Structures are given as C-alpha cells and as structure tokens.
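Q: Counted the way our numbering counts, the first sequence spans residues 170 to 638. Even glycine gets a Cβ: it sits at the ideal position worked out from N, Cα and C. Just so it is clear, the structure is predicted and the values come from calculations on it, not from any experiment.
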Amino acid sequence: MAKQSVLTPQETDFPRWYQDVLAKAELAENGPVRGTMVIRPWGYAIWERIQSEIDARIKAAGAQNAYFPLFIPESYLTREAEHVEGFSPELAVVTHAGGEQLAEPVVVRPTSETVIGEYMAKWTQSYRDLPLLLNQWANVVRWELRPRLFLRTSEFLWQEGHTAHIDEADAAAYARRIHHDVYSDFLTNVLAMPAHLGVKTARERFAGATSTMTCEGMMGDGKALQMATSHELGQNFAKAFDIKYLGDDGVEHLCWTTSWGASTRLVGGLIMGHGDDNGLLLPPRIAPDQVVVLTVRDEDLVNEAAQSIHQGLLAAGARANLDRRAGSFGRRVTDWEIKGVPVRIEVGPRDLAEGRVTLARRDTGEKVTVAVADAVATAVSLLDEMQDGLLARALDRREAKTADVATLDEAMEAGATGFARLPWSAVGPEGEAALNAKTLSVRCLQRADGSIPDSGDEDDLVAIVARSY
RNA sequence: CGGGAAGUGGCGCAGUCUGGCAGCGCACCGCGUUUGGGACGCGGGGGUCGCGGGUUCAAAUCCCGCCUUCCCGACCA
170 MAKQSVLTPQ ETDFPRWYQD VLAKAELAEN GPVRGTMVIR PWGYAIWERI
220 QSEIDARIKA AGAQNAYFPL FIPESYLTRE AEHVEGFSPE LAVVTHAGGE
270 QLAEPVVVRP TSETVIGEYM AKWTQSYRDL PLLLNQWANV VRWELRPRLF
320 LRTSEFLWQE GHTAHIDEAD AAAYARRIHH DVYSDFLTNV LAMPAHLGVK
370 TARERFAGAT STMTCEGMMG DGKALQMATS HELGQNFAKA FDIKYLGDDG
420 VEHLCWTTSW GASTRLVGGL IMGHGDDNGL LLPPRIAPDQ VVVLTVRDED
470 LVNEAAQSIH QGLLAAGARA NLDRRAGSFG RRVTDWEIKG VPVRIEVGPR
520 DLAEGRVTLA RRDTGEKVTV AVADAVATAV SLLDEMQDGL LARALDRREA
570 KTADVATLDE AMEAGATGFA RLPWSAVGPE GEAALNAKTL SVRCLQRADG
620 SIPDSGDEDD LVAIVARSY
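1. For residue 249 and residue 409, which I take to be in contact (beta-carbon distance under 8 Å), what is that distance rounded to the nearest angstrom?
2. Going by alpha carbons, who is nearest to residue 453 out of 465, 446, 447 and 439?
3. What separation, rounded to the nearest whole angstrom, lies between the Cα atoms of residue 328 and residue 431?
4. Run the CB neighbour count on residue 216, radius 10 Å, all protein chains shown included, and call it buried at 16 or more, exposed below.
5. In the DSSP assignment, what are the bridge partners of residue 610?
6. Note down, in chain order, each residue of its chain lying with its Cβ closer than 8 Å to the Cβ of residue 411, except the 5 sequence neighbours on either side.
7. Can you tell which of 225, 562 and 207 has the C-alpha that lies nearest to the C-alpha of residue 195?
8. Out of curiosity, what's the CA-to-CA distance linking residue 640 and residue 558?
9. How should residue 320 be labelled, buried or exposed, when 16 other C-beta atoms within 10 angstroms of its C-beta is the threshold for buried?
10. Grouping DSSP H, G and I as helix and E and B as strand, with all else coil, what is residue 188?
11. Are residue 569 and residue 583 close, meaning C-beta to C-beta below 9 Å?
12. Taking contact to mean 3 or more Cβ pairs, one atom from each stretch, closer than 8 Å, check whether the segment 473 to 490 and the segment 543 to 550 are in contact.
13. May I ask which residues mark the beginning and end of the alpha helix (DSSP H) holding residue 472?
14. Using only CA atoms, which one of 281, 442, 609 and 501 lies nearest to residue 636?
15. In chain order, which continuous runs of the alpha helix (DSSP H) of length 4 or greater are located wholly inside the segment 192 to 280?
16. Give the range of the beta strand (DSSP E) segment to which residue 331 is assigned.
17. Apart from the five residues just before and just after residue 298, which ones in its own chain have a Cβ nearer than 8 Å to its Cβ?
18. Tell me which same chain residues have a C-beta within less than 8 Å of the C-beta of residue 242, skipping the five on either side of it?
19. For the alpha helix (DSSP H) containing residue 508, name the first residue and the last one.
20. To the nearest angstrom, how far is the alpha carbon of residue 467 from that of residue 495?
21. Can you name the start and end residues of the alpha helix (DSSP H) that residue 583 belongs to?
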C-alpha cells in the first residue's frame, strides 16, 4: 500500500489546506451561530498547553490571575469613547433578559479595559498599591465581518493582562517585560515560531494605546499573523475610569496603565507556521502527546513491549500515548501524522524478533530502528532535537522570506510572497496608505538589529511590510 | 458590507439545464478474512435535497425572498 495524501497540498490551495487540517486533525469546526467555533478535544488540548506555558510566564512576571464579568454596562463603553479616539467596536449587546427589556443594555465584553479599570480605581488608593498587575483568562466577543476558525472568530478565548503603574517609565518597562519574557519567549522557545518584534505604526495601533508592541509571526504562505500584543495605554483609561493614587508627595496622581493579550489565534498560527502537506506539525514542547506508541499487530509480545515502552516514556516525563486500536496500521499512522505528534514508535513482531523497534519523526519523516531498551532514551533525545530543529528551520525560513529592500515599489513586490524590510523613512504615512491600497501593511517598526524601539519616533527604524491575516 | 463560488445522509460529490421512484464514493454498523504507510468480501442503517413562500397533477430540479459556508476585498476593540 502506497503512502497517499489526504489533504489538499499547500501549494495547490493554502486556505483549503488549512480547512482540511482543521477537519482531519479534528481541531475545530464552526459553531451554529455565525463566526462561532467549536474547539474539539485535540485542538483544545493544544490550547491548554498554550495556556499553561503562557500562564506560568505571566505569573513569573509577577501578575496575578483574577476574573471579571462577561457583561459590561453599556455606559462604561460610552465613557471610554469620550476619552479614547477611534472607538468603533463590533459589539454584541444584550437588550432583553429575564423576559423583559433591560433599563440599560449590557454589552458582552469585547475586551475588559473598562470593567477592570473601574475596579482598579477602587483598589489603587496609595502609591503602595502599585503596580497593580492583573491577568484574566476569559472569552470575549467581537462581531467580526469575516470569521475564520482560530484566526478570527466572533467569540474567542484569550488572556488579557491589565496593569496600573505609578509612572510612565514603569508602565513602559512592564509592557516590555511581558512582551519579551512572556510572548517572545513563549513563541521562540515553545512554539518554535520566532516572530518579528516591533511597535505598531500610529495607523495600526490599538485604539486608546500610546504604543502597541507586536509579535508578527510568519505563516507557511508568507503572510503575517499578529500573534500577541502589548499596549502602553498612557493615562487614557486612567482618566476615563478615574484610576488614581495618592503619592508619597501627598498629592493625587493618575495611574499609567498597560494591557496585553494572546488568544486562541495562536493555535491557527501554530497550524500555519509549522504545518506541511502531511498535516499539523507540533513542536514537542507544545504537543499534547509528544510520543505515540503504535502496535503494528494485536499480539501479546507486541502489546507487552508497547506497554512497557509507553510506561517508560511516562516515567521519563514524556507526554506519551499508546495506540492499540484495531484497524489498519497505515490508517493509524496517517491519523497521528495529521495530528502532528512529533515522535511515533512502531512496535511490530518483525522488529521485535530482533529486539528492536522503529522510531519515526514527524518533521523529517526519518525512521530509525533501535534496541527496545534504547527506545525511550532515543525518543526523548529526538524530542529535544526536533524542538531545536524546528526553531532553526523557522528562523531560516523567516530570514529567507524576509527581503531587504530600499524602495516602496520593491517592498510591494517582495511583500506579495513574503516579508519586506526597508527603512521606515522610505515609507512614511503616505507610503503606508499606498501599501494598504495594495493589501499590504506595515506589520511593525523595529531597530536595524531587530530589537523593539522605545517609540515609533526613533531615528533609523526599519519597517516590516507584509500581507496579513 | 461589496465581488465570486457553493449549500443534496457525518464528509466529498453527481443529479438541476430538459420537473416524474433521491443516487455514488468515503465514513458508520454486523459477520468473516486482514493488519510493517489510509485493506477486502458479503450484508445493513442513515437524507423534511439550507429555510420560507409560490407555480404545477407532480419540485432537489422552475420563480421570488431569506439564511449559511468558502474564497478575494473592506473591517479588525
């Protein structure tokens, strides 16, 4: 039986490939209401891994988790609108409840700056209460016009961090800390998706932010995906919600706030960042199952060996799964390949007669045959190797598909298939509008060495230009 | 919200032009043979043909309206 492909090849139709992977890897499907998403167990397991990795980093950065309500009084958003320009939310509004029309409509949160701001105002009385570092894991709703599973759904899951600080410098420093120590570190060391870091242009900035930092990931088709953002909000929200404190000078001051978030969109980014024609490809550190042990035949010796290897993997701290399902071997192999499990151990009577088993890695497809006694150690070392290899591969591809150019015209050409990097001075706000007209955008501004500038006003910045999701 | 395509068992599709018994492949269930890269045989179950009107003896098929999905845009607190 020959190996056969079960997905639309990426080259043929990338969006179709993405849809195929979602379906065949059993990640997610559409909900009954337009734009909503049902996340299936395998997709949710990936999200749970993302959550736990990000959550640990957020806590290490000193923020605490809390939870605020789903419903927000409509008045909060109008109050915000008075202070924040560019306010144009796609809101879901509840006008009836309990069989009656509500006196004041209630908004389903599109993000929680407003409610959290209201409570921050209560909790920050003294400079001793600052900084106030909060995070919540929640769902939010934005009535998007063009939903796509994981990438942009009407309801999505995310974490949103909200902090209040004593001064602008402290707020700026904390937003940067989150951006580097939480998002960039997670993307690089767990997802193996090194992103272009930088600040958004005024045009692309979050409404209400004085500065927005972004992690722009590169997808398999050369388009960009904003994978996480951190905002400095200045005193805009502090003004709207009266977030003040009494300083050691005995005078009342407005706080400086930040917010930062990453969402289930990351799952979409993971799919399109590493996936290939065989399906999803999960870096070992994010894979819900890192190793799957497959029995080739349902025979006692085979089952015993497979079980023992499975136990050995668990004892070694690997996330391992044992697949003893009936059905053809080829079908089961393909299933796990599509789901992206990094390492597969095939336990069959033929190898076993020689005291051996076969290991296959998902990234290169290579197979090695090793002594049964070495199976666990080999698998564990393969996981490390793959994690490093995927990061290196992603970095190579990012650089290969990022073209250094000098002019706007060249950027438009290079941006059609990948990223273009050029002096921001060669673009400017007018150039940016011209790019937008060609379905391209300035994804971020960064320093020549790729680091994040203190602001978009620094001299000698470079612009990363691309198409985006 | 504009432009394009499409909605027919779980999935992919044919049938629609030219109205006349709702079909095919995969998946699913049972039995048997299989199992080292999506196995095979035999026997089964499952569909108000997206929704609502209309025309007709008769509608998946023709007419009107609406909804949804996918792609390309616009939008993207």
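A: Judging by the given coordinates:
1. In the first sequence, residue 249 corresponds to position 80, counting from 1. In the first sequence, residue 409 corresponds to position 240, counting from 1. The pair is a contact, with the Cβ atoms about 5 Å apart (cut-off 8 Å).
2. Taking the first sequence and counting its residues from 1, one reaches residue 453 at position 284. The option with the nearest alpha carbon to residue 453 is 439.
3. Along the first sequence, read from residue 1 onward, the residue named residue 328 stands at position 159. Along the first sequence, read from residue 1 onward, the residue named residue 431 stands at position 262. Cα to Cα, the separation comes out at about 6 Å.
4. Stepping through the first sequence from its first residue, residue 216 is reached at position 47. Counting the other Cβ atoms within 10 Å of the Cβ of residue 216 gives 16 or more, which makes it buried.
5. Looking up residue 610 in the first sequence gives position 441. The partner list for residue 610 (beta bridge, DSSP) reads 635.
6. The sequence position of residue 411 within the first sequence is 242, counting from 1. Only 290 meet the Cβ criterion.
7. By 1-based counting over the first sequence, the position of residue 195 is 26. When each option's Cα is compared against that of residue 195, the closest is 207.
8. Examination of residue 640 is not possible in this model, given that the chain is present from 170 through 638 alone.
9. One-based indexing of the first sequence puts residue 320 at position 151. With 16 or more Cβ atoms within 10 Å of its Cβ, residue 320 is classed as buried.
10. Against the first sequence, residue 188 aligns to sequence position 19. It is helical.
11. Along the first sequence, read from residue 1 onward, the residue named residue 569 stands at position 400. Along the first sequence, read from residue 1 onward, the residue named residue 583 stands at position 414. In this structure, residue 569 lies away from residue 583, with their beta-carbon atoms at least 9 Å apart.
12. yes
13. For the purposes of this step, residue 472 is identified with residue 303 of the first sequence, where counting begins at 1. For residue 472, the enclosing alpha helix (DSSP H) covers residues 469 to 484.
14. The sequence position of residue 636 within the first sequence is 467, counting from 1. Ranking 281, 442, 609 and 501 by Cα distance to residue 636 puts 609 first.
15. Whole alpha helix (DSSP H) segments, 4+ residues: 210 to 229 and 243 to 252.
16. Position 162 of the first sequence, counted from the first residue, corresponds to residue 331. Residues 324 to 334.
17. Locating residue 298 in the first sequence gives position 129, counting from the first residue. Result list for residue 298: 292 and 414, in chain order.
18. Within the first sequence, the letter at position 73 stands for residue 242. Only 273, 275 and 276 meet the Cβ criterion.
19. Position 339 of the first sequence, counted from the start, is the residue given in the question as residue 508. First-last of the alpha helix (DSSP H) with residue 508: 498 to 508.
20. One-based indexing of the first sequence puts residue 467 at position 298. One-based indexing of the first sequence puts residue 495 at position 326. Rounded to the nearest angstrom, the two C-alpha atoms are 8 Å apart.
21. Position 414 of the first sequence holds residue 583. According to the DSSP assignment, residue 583 belongs to the alpha helix (DSSP H) that extends over 577 to 584.
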